[in-house]
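Some notes on the structure that comes next.
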Amino acid sequence: MDMIPFDDRDGSIWYDGRLVPWREAKLHVLSHGLHYASCVFEGERVYNGSVFRLDDHNERLANSARILGFELPVSIDDLKKATLEVIGSNHIREGYVRPIAWRGAEQMGVSAQATRIHLAIAAWDWPAYFSPEARAKGIRMKWAPWKRPAPDTAPTQAKAAGLYMICTMSKHIAEADGCDDALMLDWRGRLAEGTGANLFLVINGELHTPTPDCFLNGITRQTVIGLAKKRGLKVIERAILPDELAKADEMFLTGSAAEVTPVGEIIGDHGHYRFTPGAVCRLMWEDYDRAVGKTVAASAA
Ligand code: PMP
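Residue numbering for the sequence shown follows the numbering used here, starting at 698 and increasing by one per position.
Printed below as a string of structure tokens:
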């Protein structure tokens, strides 16, 4: 794990309209975003100096903000220019980009009508979300004690900071048991997703993936669905119950950070399952690597 603290690095961060030295990109402790989670963000991957599907991430950021009741302080065009500026000035070739927008400190309390919207964009070298060893044999997951909330309980289509509270709690419980991630059900008890990635099952050579009606329809998920269809694989989006894992031959996660990551084992309250990453995992992993412009198939590394 990368242990260099994220507030003590060299480089620059785009902050409210200009690049500032990395260590000076601070906010006040009475910021609304910190107290009440009035905050949205993105997670993007840089491959060979370019962000994969940058426009889609930027559109989602603006949409997340709108769902939370605010507008970004810059246009989508300027957001793109700023992102490219950050990547260029920090010389990122293979990395991660984190734009984040939040309500400021003009008002304290639940209401936030008077707050200003802030926007920052940081980028850093970050080649692997799960360790290469774990990815090669399939990661271990533990059933999460928390469920994805109903769409009338939380703004589930926004990539909003508040939705990650239960993800961090679940992931810590999973890690305490030697697992790489937690596997979350939704409020109805259906299979939902990982703490930062969507999921796919391979059943009789077809891809089955939960309908994203109370969690993000990930950009990687959409990419992989397109790649699978191009390969002639059938993709079925539907409600999936946890005991259907018994029918699955393979399972994998998708996310900008996770890319295509096979799942090897699931432990915990809703059943113990084992999977061996097979032909379909490998195909989607390699097709995704090609789509993002990687030159070497990661699964061979
Ligand atoms: N679900 C959650 C909770 C996530 O944090 C992410 C990562 N943004 C995803 C799914 C996958 O989304 P994407 O493929 O757009 O990165």
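Where is the CB? At the ideal position from N, CA and C, for every residue including glycine.
Just to confirm, are residue i and residue j a CB contact at a threshold of 7 Å?
i    : j    : result
R837 : D877 : yes
A871 : L882 : no
D966 : W884 : no
W843 : G792 : no
Please go through the same chain and pick out, in chain order, the residues whose beta-carbon is closer than 6 Å to the beta-carbon of residue i, but skip the five residues on each side of it.
i    : result
Y826 : A954 and A955
A998 : Below a pLDDT of 50, predicted positions are generally treated as unreliable, and A998, at 41, falls in that range; no measurement from the model is reported.
L776 : N755
L950 : G891, A894, L896 and T958
L930 : L904
A809 : H729, S735 and R800
Kindly examine the ligand NAD and report whether one of its heavy atoms sits closer than 6 Å to the Cβ of residue i.
i    : result
A894 : The ligand NAD is not among the ligands present in this structure, which contains only the ligand PMP.
Closer than 7 Å by C-beta to residue i: which residues in its own chain qualify, once you throw out the five before and the five after it? Chain order, please.
i    : result
L765 : S735, V737, P852, A855 and A857
E803 : A811, T812 and R813
K944 : I900
L751 : E741, K777 and T780
D707 : W719
E934 : T906 and T908
N745 : R790 and G990
G714 : none
R887 : P907, A936, I937 and L938
Regarding residue i and the ligand PMP, is the C-beta to nearest heavy atom distance less than 6 Å?
i    : result
G867 : Here residue 867 is Ser; the residue named in the question, Gly, does not match the sequence. S867: no, Cβ never under 6 Å from the ligand PMP.
E890 : yes
I710 : no
T908 : no
G859 : no
S953 : yes
L913 : yes
G740 : yes
T853 : no
T958 : no
T917 : yes
For residue i, I'd like the list of residues in its chain whose CB is within less than 8 Å of its CB, leaving aside the five on either flank, ordered along the chain.
i    : result
L758 : V737, F738, E739, L769, L776, P796, A798 and K856
T850 : W884
Which residue marks the beginning of the beta strand (DSSP E) containing residue i, and which one marks its end?
i    : result
I933 : V932 to R935
T951 : E947 to G952
L924 : From DSSP, L924 is part of no beta strand (DSSP E) but of the alpha helix (DSSP H) over I916 to K927.
W823 : Per DSSP, W823 belongs to no beta strand (DSSP E) and is neither H nor E.
V717 : R715 to P718
W711 : S709 to Y712
Within the continuous alpha helix (DSSP H) that includes residue i, where are the two ends?
i    : result
K696 : Outside the shown range of the chain (698 to 998) lies residue 696, about which nothing can therefore be said.
R979 : A976 to V989
D774 : I773 to S786
E756 : L751 to I764
K834 : P829 to K834
G730 : H729 to Y733
Assuming residue i contacts residue j (C-beta within less than 8 Å), just tell me the rounded distance between them.
i    : j    : result
V932 : I916 : So it is not a contact: roughly 16 Å between Cβ atoms.
G961 : D940 : 19 Å between Cβ atoms; not a contact.
I963 : L904 : Incorrect: roughly 18 Å between the Cβ atoms, too far for contact.
D984 : R928 : 7 Å
A873 : G952 : Between G952 and A873 the Cβ distance is about 22 Å, and since that is not below 8 Å, they are no contact.
H729 : R800 : 4 Å
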